[in-house]
Each structure stands twice: as C-alpha cells, then as structure tokens.
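Have a look at the structure below before the remarks.
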Amino acid sequence: MPGYTSNQKQLIAQFVSFASVKDSVAAKFLKGNGWDVARAVDDYFQHNPSPSSQAVSALNKIFDGYRGDIKVNLDEVVCLAISELLRSPSMGEFTRENFVDGWKESGSDTLAKQALHASNLRNRIPTEPALFRRIYRYAFVLCRLPGQRHLTLEIATEQWRLFFTPDNGGIPWNTNTVPWLDWWIEFIENTWKRPVNKDLWEQTEVLMRKTLEDPSLKWWSPDGAWPGAVDDFVVFAKAKLGTSGANGEMDVE
Numbered sequence: 001m002p003g004y005t006s007n008q009k010q011l012i013a014q015f016v017s018f019a020s021v022k023d024s025v026a027a028k029f030l031k032g033n034g035w036d037v038a039r040a041v042d043d044y045f046q047h048n049p050s051p052s053s054q055a056v057s058a059l060n061k062i063f064d065g066y067r068g069d070i071k072v073n074l075d076e077v078v079c080l081a082i083s084e085l086l087r088s089p090s091m092g093e094f095t096r097e098n099f100v101d102g103w104k105e106s107g108s109d110t111l112a113k114q115a116l117h118a119s120n121l122r123n124r125i126p127t128e129p130a131l132f133r134r135i136y137r138y139a140f141v142l143c144r145l146p147g148q149r150h151l152t153l154e155i156a157t158e159q160w161r162l163f164f165t166p167d168n169g170g171i172p173w174n175t176n177t178v179p180w181l182d183w184w185i186e187f188i189e190n191t192w193k194r195p196v197n198k199d200l201w202e203q204t205e206v207l208m209r210k211t212l213e214d215p216s217l218k219w220w221s222p223d224g225a226w227p228g229a230v231d232d233f234v235v236f237a238k239a240k241l242g243t244s245g246a247n248g249e250m251d252v253e
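Residue numbering for the sequence shown follows the UniProt record's numbering, beginning at 1 and increasing consecutively.
Structure (structure tokens):
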C-alpha cells in the first residue's frame with residue numbers, strides 16, 4: 001500500500017479485518033472519517049447494509065480492540081459498565097447502533113475520550129451507589145444464558161465475587177471480623193442450591209449495604225419483604241456470629 005504511513009496501513013488492515021473489504025475501500029472510508037476506525041466502519045455499514053450477524057461480528061472485533069486500547073479488563077466491574085453504556089443485549093454481544101450511540105451520548109468520540117470515560121467510571125463505581133446499582137442490575141441481563149430467566153448458581157457467584165471485591169473495582173462486602181461475601185456464597189452454594197432470579201439478584205445488593213451499615217442484623221424482620229433466601233441467610237449468619245460484640249461482629253479471642 002504505497003503512499004500510506006505505517007500507522008495508516010495498520011488502520012487499513014484493521015478495517016479490512018472488520019469489514020472484509022479491499023484495501024482501497026478501507027482507505028476511502030478511513031480518509032473520509034479522519035482515520036477513525038470506529039466511525040469509518042460505522043459509515044461503511046450505513047452505506048453497505050450487511051447481515052446482522054456480520055455486523056455484530058465486526059463490532060465485537062472493534063470492541064475487543066477498544067477494550068485493550070481503553071485499558072479495560074474483562075475481570076473488572078468497569079467492563080460491565082461499558083457493556084451497560086453500549087446497551088449490550090448479552091455478554092460479548094453488541095449492536096452497531098447501540099455501540100455508536102452509547103459512545104456518542106457519553107461524549108466519547110475518540111479513543112482518548114473513551115479511555116478517560118472508562119477511567120472515570122472505574123473511580124466512580126465504588127463511591128456512587130446509584131451508578132453501582134444500575135450496572136449491577138444490568139449485569140443480570142448480560143449474564144443470563146440464552147433462553148433463561150434466571151442466573152445459574154455458578155454465574156451468580158462468579159459475578160458476586162466480581163462486584164463485591166475491591167480488587168475488581170467493586171465494593172468490599174466484609175468488615176474487619178465478618179467475611180460477609182464468603183458467608184453469603186457459602187450459604188448459597190451449600191444451603192440454597194437454586195438458580196438466582198431477578199429479585200434475589202437485586203436484593204443481594206441491598207443486603208450487602210444493610211450488613212455493612214449494621215452488621216448486628218437488627219434491621220432484619222421476619223415480617224419484611226425480603227426473598228426467602230435472605231431470610232434463611234440471616235438465620236445462617238446469626239448462627240455463625242454466635243456471641244457478638246457491641247457492633248454485632250464476632251468477638252475475636
């Protein structure tokens with residue numbers, strides 16, 4: 001490809017891999033879109049409609065590349081935040097319209113802006129309850145298996161470890177002496193042993209905040225509207241707490 005810089009040749013090669021077109025076509029759309037691969041591919045598909053599966057495949061390739069460029073890892077809550085921003089219908093699936101609209105609405109029309117937006121989300125997620133809750137609840141949609149209305153036990157526990165662990169950009173669900181997340185997963189895996197429906201998924205995030213606010217569990221009432229799993233967990237947790245200190249946490253000998 002004479003007449004192009006090394007960087008431009010790489011962009012042309014990326015476009016070709018996304019859209020399966022000739023170099024000349026890739027160069028034409030890249031030139032017309034300021035050598036922005038995402039905009040160029042979107043422009044191409046707008047003028048050359050393709051089967052939805054091909055478009056989705058191309059977008060997945062773009063997103064995989066962007067994920068590395070904007071420094072987002074799969075094992076981070078911020079990765080799910082980006083999926084929520086782009087209205088992904090399921091894990092690893094994106095539509096061209098939502099992919100483009102999501103970035104546009106966030107004001108992130110360049111890689112640098114997208115990286116900054118991801119970094120801002122990473123910092124905000126643990127400290128903004130409304131943002132955390134929105135992403136957490138959207139994860140239920142993302143993580144369901146095709147045709148299922150519930151999360152499998154394995155997927156649910158995997159996601160709880162993601163959302164409720166600070167190393168992954170989540171909120172630590174534990175206190176100095178009570179490992180709440182470990183207790184919850186122990187209870188779910190060994191006692192509950194059932195798929196996780198939407199109500200239980202959403203109320204687990206509420207339970208997390210309640211236990212951190214008041215580890216004594218005095219806020220719980222058998223007349224409350226908690227899912228049965230939460231009621232049973234409170235009994236389980238109280239048995240584990242045993243003799244408690246003033247704050248409801250286990251006394252350490």
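The beta carbon of each residue, even a glycine, is placed where N, CA and C say it ideally should be. These numbers were taken from a predicted model, which means no experiment stands behind them.
Please return the same chain residues whose Cβ sits closer than 7 Å to the Cβ of residue i, not counting the five positions on each side in sequence.
i: valine 72; result: Val78, Cys79, Ile82 and Ala118
i: lysine 240; result: Trp183
i: glycine 170; result: Val77, Pro126, Leu162, Phe163 and Phe164
i: leucine 11; result: Leu30, Trp35 and Val37
i: threonine 152; result: Leu145 and Pro195
i: isoleucine 185; result: Thr157 and Trp160
Whole angstroms is fine: what's the gap from residue i's alpha carbon to residue j's?
i: glutamate 154; j: phenylalanine 187; result: 13 Å
i: proline 51; j: tryptophan 180; result: Reliability fails at proline 51, whose pLDDT of 48 lies under 50, so the model's placement of it is uncertain and the value that follows must be treated cautiously. Their backbone Cα atoms lie some 47 Å apart in a straight line.
i: lysine 28; j: threonine 110; result: 19 Å
i: serine 106; j: aspartate 223; result: 43 Å
i: glycine 147; j: phenylalanine 94; result: 18 Å
i: phenylalanine 132; j: valine 141; result: 15 Å
i: methionine 91; j: arginine 134; result: 16 Å
i: asparagine 197; j: arginine 149; result: 7 Å
i: asparagine 120; j: aspartate 69; result: 15 Å
i: proline 215; j: glycine 102; result: 39 Å
i: valine 235; j: phenylalanine 15; result: 57 Å
i: alanine 112; j: valine 25; result: 26 Å
Ends of the alpha helix (DSSP H) at residue i?
i: serine 216; result: Where serine 216 is concerned, there is no enclosing alpha helix (DSSP H), given that its DSSP letter is neither H nor E.
i: proline 172; result: Looking at the DSSP string, proline 172 is not in any alpha helix (DSSP H), and its letter there is neither H nor E.
i: alanine 112; result: 111–124
i: glycine 228; result: 228–241
i: aspartate 42; result: 37–47
i: phenylalanine 99; result: 96–105
i: threonine 157; result: 153–163
i: alanine 225; result: Alanine 225 -> no alpha helix (DSSP H), and no H or E assigned at all.
i: glutamate 186; result: 180–187
i: valine 77; result: 77–85
Whose C-beta lies closer than 8 Å to the C-beta of residue i among residues of the same chain, with five residues either side of it excluded?
i: leucine 200; result: Pro227, Ala229 and Val230
i: arginine 209; result: Pro129
i: tyrosine 4; result: Ile12 and Ala27
i: alanine 115; result: Asp69, Ile70 and Lys71
Kindly list the residues whose CB is nearer than 6 Å to the CB of residue i, restricted to its own chain and excluding five residues on each side of it in sequence; keep chain order.
i: tryptophan 192; result: Ala229
i: asparagine 7; result: none
Count the other C-beta atoms from every protein chain shown that fall within 10 angstroms of the C-beta of residue i, then say buried if there are 16 or more, exposed otherwise.
i: valine 37; result: buried
i: glutamate 84; result: buried
i: leucine 74; result: exposed
i: residue 267; result: Residue coverage of the chain in this structure runs from 1 to 253, which leaves residue 267 outside it and unanswerable.
i: glutamate 213; result: exposed
i: phenylalanine 233; result: buried
i: tryptophan 220; result: buried
i: alanine 237; result: buried
Smallest Cα separation from residue i: which of the options?
i: leucine 207; options: Glu189, Asn174, Arg194 and Asn190; result: Asn174
i: glutamate 97; options: Lys218, Arg124 and Gln46; result: Gln46
i: aspartate 167; options: Ala237, Arg149 and Arg122; result: Arg122
i: proline 205; options: Asn190, Tyr136 and Val21; result: Checking the displayed sequence, the identity of residue 205 turns out to be glutamate instead of proline. Out of Asn190, Tyr136 and Val21, Tyr136 has the C-alpha closest to the C-alpha of glutamate 205.
State yes or no: is the beta carbon of residue i nearer than 7 Å to at least one beta carbon in chain C?
i: alanine 156; result: Given the protein chain composition of this structure (a single chain), no chain C is represented.
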